[in-house]
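Residue numbers (the working numbering), protein chains in the order written: chain G, 472 to 609; chain S, 233 to 395.
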């Protein structure tokens, strides 16, 4: 994943988490989703684009997964015992028989590196929920 | 959970990760994968400064280490407020070590449920090999107790239940 793609994906996640961007400075405007204390260490409720670490820090990424779970999605993460890949499934709540190309039953992230697997699934889920689902407004 | 319980749990994890302690003071750090003594974030501090119970950046490397033990022998599954840890016999066949869902028991912290799973695994792993218990599953079809997920007595139906 290139640097520009990471910046774009981090921006997507930040907005999902209630951050508002103004000239590459992100401010946490979320009221319904209070952030864990470690989010605010060092930069109050603001941070600049280059400091966003959803792609590299578990302390940044896991609260995103917890927000996804709070929207009614189930998640399961483990390691495949077939090919050593790390994986995570985010189940959208749409049943297999009702799913179609626009509304999948799950998003699956796979990678040799665990945080990359989580990151991929979370980014794909947010892209989907931004276009297809009203749960993001909760 | 009391602060003492958290400190004792974090001490167990720190020792599992290779830190050497004298009482509650961390004396030396483990070598990193490249052989350098660079994991020194705790050295000189009291174990109460450890954040395995509250920071995913601390806890996830422990889960990574568990999954890499014994030539990748263990699977550590994390659900919303639940953890399932399994030992791989052969590819595709596993035995249950720990399986708990906290959601029905009033625990709503994902990191704390994972932290408890880590501690239970370490306690299990430090037992002598022949004394390590496995979860017994009960077959939904015939009621047969088994350590495996597939019942050999009634045509390989999935086995349900925990313990």
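Ideal Cβ positions, reconstructed from N, Cα and C, are used throughout, including at glycine. Quick caveat, the model's predicted, so the values are computed rather than measured.
Helix, strand or coil at residue i according to DSSP, with G and I counted as helix
{"i": "residue 578(G)", "result": "strand"}
{"i": "residue 353(S)", "result": "helix"}
{"i": "residue 560(G)", "result": "strand"}
{"i": "residue 592(G)", "result": "helix"}
{"i": "residue 396(S)", "result": "Given that chain S is displayed from residue 233 to residue 395, the structure contains no residue 396(S) and the question cannot be resolved."}
{"i": "residue 536(G)", "result": "helix"}
{"i": "residue 522(G)", "result": "helix"}
{"i": "residue 499(G)", "result": "strand"}
{"i": "residue 476(G)", "result": "helix"}
{"i": "residue 493(G)", "result": "strand"}
{"i": "residue 246(S)", "result": "helix"}
{"i": "residue 570(G)", "result": "coil"}
{"i": "residue 598(G)", "result": "helix"}
{"i": "residue 342(S)", "result": "helix"}
{"i": "residue 517(G)", "result": "strand"}
{"i": "residue 545(G)", "result": "strand"}
Burial state of residue i (16 or more Cβ within 10 Å)
{"i": "residue 491(G)", "result": "exposed"}
{"i": "residue 302(S)", "result": "exposed"}
{"i": "residue 318(S)", "result": "buried"}
{"i": "residue 374(S)", "result": "exposed"}
{"i": "residue 304(S)", "result": "exposed"}
{"i": "residue 321(S)", "result": "exposed"}
{"i": "residue 284(S)", "result": "buried"}
{"i": "residue 349(S)", "result": "buried"}
{"i": "residue 534(G)", "result": "buried"}
{"i": "residue 495(G)", "result": "exposed"}
{"i": "residue 261(S)", "result": "buried"}
{"i": "residue 252(S)", "result": "exposed"}
{"i": "residue 558(G)", "result": "buried"}
{"i": "residue 530(G)", "result": "buried"}
Selection from the options that minimises the alpha carbon distance to residue i
{"i": "residue 311(S)", "options": "568(G), 589(G), 474(G), 574(G)", "result": "589(G)"}
{"i": "residue 331(S)", "options": "252(S), 368(S), 299(S)", "result": "368(S)"}
{"i": "residue 256(S)", "options": "365(S), 345(S), 241(S)", "result": "241(S)"}
{"i": "residue 562(G)", "options": "570(G), 576(G), 484(G), 550(G)", "result": "576(G)"}
{"i": "residue 519(G)", "options": "594(G), 595(G), 578(G), 482(G)", "result": "482(G)"}
{"i": "residue 479(G)", "options": "571(G), 594(G), 603(G), 602(G)", "result": "594(G)"}
{"i": "residue 235(S)", "options": "280(S), 258(S), 244(S)", "result": "280(S)"}
{"i": "residue 370(S)", "options": "286(S), 385(S), 360(S)", "result": "385(S)"}
{"i": "residue 581(G)", "options": "528(G), 498(G), 554(G)", "result": "554(G)"}
{"i": "residue 497(G)", "options": "522(G), 547(G), 570(G)", "result": "522(G)"}
{"i": "residue 325(S)", "options": "334(S), 340(S), 307(S)", "result": "307(S)"}
{"i": "residue 472(G)", "options": "584(G), 603(G), 538(G), 560(G)", "result": "584(G)"}
{"i": "residue 571(G)", "options": "489(G), 547(G), 599(G), 549(G)", "result": "599(G)"}
C-beta neighbour in chain G for residue i, strict 8 Å
{"i": "residue 349(S)", "result": "no"}
{"i": "residue 292(S)", "result": "yes"}
{"i": "residue 312(S)", "result": "yes"}
{"i": "residue 301(S)", "result": "no"}
{"i": "residue 280(S)", "result": "no"}
{"i": "residue 308(S)", "result": "yes"}
{"i": "residue 285(S)", "result": "no"}
{"i": "residue 332(S)", "result": "no"}
{"i": "residue 342(S)", "result": "yes"}
{"i": "residue 356(S)", "result": "no"}
{"i": "residue 377(S)", "result": "no"}
{"i": "residue 296(S)", "result": "yes"}
{"i": "residue 403(S)", "result": "Outside the displayed range of chain S (233 to 395) lies residue 403(S), so it cannot be described from this structure."}
{"i": "residue 254(S)", "result": "no"}
Min CB distance residue i to chain S below 8 Å
{"i": "residue 594(G)", "result": "no"}
{"i": "residue 548(G)", "result": "yes"}
{"i": "residue 585(G)", "result": "yes"}
{"i": "residue 577(G)", "result": "no"}
{"i": "residue 479(G)", "result": "no"}
{"i": "residue 599(G)", "result": "no"}
{"i": "residue 591(G)", "result": "no"}
{"i": "residue 488(G)", "result": "no"}
{"i": "residue 533(G)", "result": "yes"}
{"i": "residue 555(G)", "result": "yes"}
{"i": "residue 522(G)", "result": "no"}
DSSP beta-bridge partners of residue i
{"i": "residue 275(S)", "result": "In DSSP, residue 275(S) forms no bridge with anything."}
{"i": "residue 260(S)", "result": "252(S)"}
{"i": "residue 320(S)", "result": "326(S)"}
{"i": "residue 377(S)", "result": "370(S)"}
{"i": "residue 332(S)", "result": "315(S)"}
{"i": "residue 487(G)", "result": "According to DSSP, residue 487(G) bridges with nothing at all."}
{"i": "residue 309(S)", "result": "316(S)"}
{"i": "residue 294(S)", "result": "Answer is none; residue 294(S) lacks a bridge partner."}
Minimum Cβ-Cβ distance from residue i to chain B less than 8 Å
{"i": "residue 472(G)", "result": "No chain B appears in the structure shown, which is made up of the protein chains G and S."}
Cβ-heavy atom distance, residue i to the ligand NAP, below 7 Å
{"i": "residue 581(G)", "result": "Ligands in the displayed structure: none, and consequently the ligand NAP is not present."}
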